[in-house]
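For the sequence shown, the positions run 59 to 429 when the working numbering is used.
Ideal Cβ positions, reconstructed from N, Cα and C, are used throughout, including at glycine.
Because the structure is a prediction, the values reported are computed rather than measured.
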Amino acid sequence: LGYIVYSTRMVIALAVTLLTVTGDLHDYAEARSLEGYPLAKCLDGSPARYYLSKGNASRVFVFFEGGGFCQDLSACQARTASFLGSTRTDPPSMTLDRPYFSRSPAVSPLLSSFTFAFVRYCDGGYFSGDRMAPVVHSGTRLYFWGRWIVQAVVADLKLAQATDVVIGGCSAGGIHVLAHLDAMRDMLPSKVRVSGFADSGFFMDVDFFTAHKRFVVSPTGQNAQRLLSPACAAEFPQEKEKCLVAQRSAPFLQTPVFVWQSRFDLDQRSCELLPACAASPACVEAYARNMSDAIREQLLAHRRPRHGAFIDACARHCDDGVRQLHRVTVDGVTPLQAFALWYAPKVVARNNTHMPHSRTLWEAPGGEVVC
Numbered sequence: 059l060g061y062i063v064y065s066t067r068m069v070i071a072l073a074v075t076l077l078t079v080t081g082d083l084h085d086y087a088e089a090r091s092l093e094g095y096p097l098a099k100c101l102d103g104s105p106a107r108y109y110l111s112k113g114n115a116s117r118v119f120v121f122f123e124g125g126g127f128c129q130d131l132s133a134c135q136a137r138t139a140s141f142l143g144s145t146r147t148d149p150p151s152m153t154l155d156r157p158y159f160s161r162s163p164a165v166s167p168l169l170s171s172f173t174f175a176f177v178r179y180c181d182g183g184y185f186s187g188d189r190m191a192p193v194v195h196s197g198t199r200l201y202f203w204g205r206w207i208v209q210a211v212v213a214d215l216k217l218a219q220a221t222d223v224v225i226g227g228c229s230a231g232g233i234h235v236l237a238h239l240d241a242m243r244d245m246l247p248s249k250v251r252v253s254g255f256a257d258s259g260f261f262m263d264v265d266f267f268t269a270h271k272r273f274v275v276s277p278t279g280q281n282a283q284r285l286l287s288p289a290c291a292a293e294f295p296q297e298k299e300k301c302l303v304a305q306r307s308a309p310f311l312q313t314p315v316f317v318w319q320s321r322f323d324l325d326q327r328s329c330e331l332l333p334a335c336a337a338s339p340a341c342v343e344a345y346a347r348n349m350s351d352a353i354r355e356q357l358l359a360h361r362r363p364r365h366g367a368f369i370d371a372c373a374r375h376c377d378d379g380v381r382q383l384h385r386v387t388v389d390g391v392t393p394l395q396a397f398a399l400w401y402a403p404k405v406v407a408r409n410n411t412h413m414p415h416s417r418t419l420w421e422a423p424g425g426e427v428v429c
């Protein structure tokens with residue numbers, strides 16, 4: 059097989075990788091404290107931080123860690139005693155062991171050469187808290203300063219000097235990408251190519267669960283409104299928490315994003331389905347169909363910008379320890395290969411005519427599978 063890809067520094071070895079995916083899934087990153095940015099603080103007031111693995115300095119993959127959210131002051135206080143609300147016990151280095159951090163072009167054709175920045179999630183509000191004065195709850199001082207963590211990361215990485223920035227995340231990090239991508243795009247010069255990559259972050263708007271996010275956007279909670287899409291906030295003026303849910307925020311996205319999502323997402327089944335539904339295969343199948351429809355209709359149906367998606371049928375949330383997840387394929391293409399093809403669509407297939415160069419959706423057929 060032979061392919062020509064017209065993109066800066068990107069002659070991808072798809073001739074081999076579309077057939078066989080092998081390679082090291084691990085990379086190592088060193089801690090970078092943001093203590094030089096006084097407002098970039100975790101819930102407990104400890105300095106925010108990220109982990110850096112150097113690659114091509116002009117092409118940067120900024121990945122936002124996931125880990126739920128806190129729905130009230132007590133929950134936020136509880137997070138301060140864990141890594142979800144503090145960096146006080148963080149190690150000086152970490153292993154980046156998800157497929158998208160692989161340095162092997164065979165596994166990750168696009169991102170393998172990028173500089174990686176893994177941003178620790180310690181604010182409990184999708185990296186968007188915007189309440190200036192600390193809040194004292196039961197003797198604990200809480201800092202809702204997630205928005206400044208994002209700004210500090212952008213400044214410390216000197217992203218304004220990059221040519222390509224991919225803003226990614228999984229779970230709560232993916233929710234952050236889908237809700238706040240346009241605001242992060244606006245932090246960078248127009249000459250920088252900015253795209254989103256959201257894994258397991260496309261959630262559905264289920265009233266009993268979406269309501270829990272109200273604390274995040276409430277002025278008496280985290281006051282996390284400034285990074286939301288203004289158009290989405292105007293659409294839901296009394297329910298701005300809906301703009302943290304991709305089913306509602308996706309139609310307003312102006313920055314290209316690629317979604318990697320299981321329609322049988324295990325986390326969503328535990329928090330967005332009532333127990334009786336979660337125990338019913340027919341009910342789970344219906345939820346899965348609704349999610350596929352939402353991705354198609356609320357995200358991909360909008361031709362400008364050009365979004366993309368890889369929808370698998372794995373029983374998973376993020377990787378959940380599924381070591382071979384990167385080998386999942388649709389029409390012989392893995393999620394990270396699909397992302398590369400979407401990112402650089404001008405591909406000429408010399409000996410393979412079944413893969414249109416403008417493809418934006420790869421969806422696995424059939425029911426739930428174990429990956």
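Contact under 8 Å by Cβ, residue i with residue j
i: residue 360; j: residue 309; result: yes
i: residue 142; j: residue 180; result: yes
i: residue 177; j: residue 250; result: no
i: residue 97; j: residue 203; result: yes
i: residue 367; j: residue 319; result: yes
i: residue 263; j: residue 92; result: no
i: residue 205; j: residue 285; result: yes
i: residue 373; j: residue 426; result: yes
i: residue 124; j: residue 230; result: yes
i: residue 234; j: residue 184; result: yes
i: residue 187; j: residue 122; result: no
i: residue 298; j: residue 315; result: no
i: residue 321; j: residue 369; result: yes
Spatial neighbours of residue i in its chain, beta-carbon cut-off 6 Å, leaving aside the 5 residues before and after
i: residue 387; result: none
i: residue 232; result: 256, 257, 258, 259
i: residue 224; result: 119, 253, 255
i: residue 317; result: 256, 260, 367
i: residue 363; result: 314
Local Cβ density within 10 Å of residue i, reported as buried at 16 or more and exposed below that
i: residue 105; result: buried
i: residue 84; result: exposed
i: residue 174; result: buried
i: residue 351; result: exposed
i: residue 282; result: buried
i: residue 349; result: buried
i: residue 280; result: buried
i: residue 383; result: buried
i: residue 220; result: buried
i: residue 268; result: buried
i: residue 428; result: exposed
Beta-carbon contacts of residue i that lie in its chain and below 8 Å, excluding the five residues immediately before and after
i: residue 151; result: 86, 87, 88, 89, 109
i: residue 327; result: 336, 342, 345
i: residue 195; result: 131, 132, 134, 135
Cross-strand partners of residue i (DSSP beta bridge)
i: residue 198; result: 195
i: residue 153; result: 86
i: residue 99; result: 105
i: residue 367; result: 317, 419
i: residue 120; result: 175, 225
i: residue 114; result: 172
i: residue 352; result: DSSP output for residue 352 lists no bridge partner at all.
i: residue 255; result: 226, 316
i: residue 388; result: 391
i: residue 91; result: 107
Cβ shell of residue i (< 7 Å), same chain only, five flanking positions each side left out
i: residue 153; result: 84, 86
i: residue 240; result: 287, 311, 312, 313
i: residue 270; result: 129
i: residue 79; result: Unreliable placement is indicated for residue 79, whose pLDDT of 46 sits below 50; the coordinate value is still reported in the next sentence. Around residue 79: 164, 165, 384, 385, 392.
i: residue 189; result: 202, 280, 281
Heavy atom of the ligand ADP within 7 Å of residue i beta-carbon
i: residue 233; result: With respect to the ligand ADP, the structure offers nothing, as it holds no ligand at all.
ask   = Three or more C-beta pairs closer than 8 Å, one from the segment 389–402 and one from the segment 160–179: is that the case here?
value = yes
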